[in-house]
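J.:
Numbering (the numbering used here), first residue to last: 273 to 542.
1) What is the rounded straight-line gap between the Cα of residue 366 and the Cα of residue 499?
2) Check whether the segment 413-420 and the segment 382-394 touch, using three or more Cβ-Cβ pairs below 8 Å as the test.
3) I believe residue 411 touches residue 292 by the beta-carbon criterion, under 8 Å. Please report the beta-carbon distance rounded to the nearest angstrom.
4) What three-state label does DSSP hand residue 456 in the structure shown?
5) If you count every other CB in all the chains shown that lies within 10 Å of the CB of residue 537, and 16 or more means buried, which is it?
6) Tell me the DSSP bridge mates of residue 316?
7) Report the start-end ranges of each alpha helix (DSSP H) in the segment 409-496 that is 4 residues or longer and not cut off at the edges.
8) Is DSSP giving residue 287 helix, strand or coil here?
9) Measure the Cβ-Cβ separation of residue 285 and residue 409 and say whether it is below 8 Å.
10) Can you have a look at residue 325 and say buried or exposed, based on whether 16 or more other CB atoms are within 10 angstroms of its CB?
11) With which residues is residue 382 paired in a DSSP beta bridge?
12) If we ignore side chains and look at the alpha-carbon of each, how far apart do residue 252 and residue 451 end up?
13) Measure the C-alpha to C-alpha separation of residue 399 and residue 330 and round it to an integer number of angstroms.
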């Protein structure tokens, strides 16, 4: 082992992970606002542990002075999607980004591993700005469904425990579990439109209720305490009945009362 300062060596990778996490989370937020649905469910990232870097370098016969080019996943980003169809869409967004360069891709969904592992990998170059100037860092982006991620997380833990020499019975059961995860993804894809419609309705209903409570709260600002209490009681009853049509009517009533109170206050000031 060389005597490098590992903290300084890993710093650009840590910065890369943090910046990419922010960028992909921002992408998710923007897509959700534009299309009411984002193919990205959530984003995580990690920098490989020193022990894992050394183990991989040893396994692949990578010289210590070539770690930066020989190990491509020291910085790793995972993007989770609800549906398999979303993976291709996310990959396409990444390919068109100008702040990184895709070097190559590994499709373990179409060509899944014998173990049952499924995921879509993209090896990228990312220019990170350090105190000493720009440094181009290699990073790996993994795009997968929640089911794929669950399986891969368990498989990784077991591989670490057995040092990648899994007992045959566990290997077979993992493969069966991987096939089950693939079936789950297929079933979810078959009812994708129904799922998205249900999620959209839930978000719309939640937004309406949030707005009602916000407008009721504003009534207190205009000293309409009795009206606010009355509206709150109606809200509680409508919420119990789960009647969203009545909730929307209540929203309009409360909003109109606040608008009238605001105009009245402005008139009094004049």
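Using N, Cα and C, we set each Cβ at its ideal position, and we do this for glycine too. Keep in mind that this is a model prediction, so the values were computed, not measured.
T.: Quick answer:
1) Position 94 of the chain shown holds residue 366. Position 227 of the chain shown holds residue 499. Computed Cα separation, rounded: 51 Å.
2) yes
3) Mapped onto the chain shown, residue 411 falls at position 139. Mapped onto the chain shown, residue 292 falls at position 20. Right, their Cβ atoms sit about 7 Å apart.
4) Along the chain shown, one-based indexing puts residue 456 at 184. Helix, per DSSP.
5) Taking the first residue of the chain shown as position 1, residue 537 is located at position 265. It is exposed - the Cβ of residue 537 has fewer than 16 other Cβ atoms within 10 Å.
6) The residue labelled residue 316 in the question sits at position 44 within the chain shown. According to DSSP, residue 316 bridges with 350.
7) 418-433, 440-462 and 464-493
8) Within the chain shown, numbered from 1, the residue matching residue 287 stands at position 15. The answer is helix: DSSP assigns residue 287 an H, G or I state.
9) Your numbering for residue 285 matches position 13 in the chain shown. Your numbering for residue 409 matches position 137 in the chain shown. Yes; because the gap between Cβ atoms is below 8 Å, this pair is in contact.
10) Here the question's residue 325 lines up with position 53 in the chain shown. Label assigned to residue 325: buried.
11) Stepping through the chain shown from its first residue, residue 382 is reached at position 110. Partner(s): none; residue 382 has no beta bridge.
12) Outside the modelled stretch of the chain, which goes from 273 to 542, sits residue 252, for which no answer is possible.
13) Against the chain shown, residue 399 aligns to sequence position 127. Against the chain shown, residue 330 aligns to sequence position 58. Straight-line Cα distance between these residues: approximately 27 Å.
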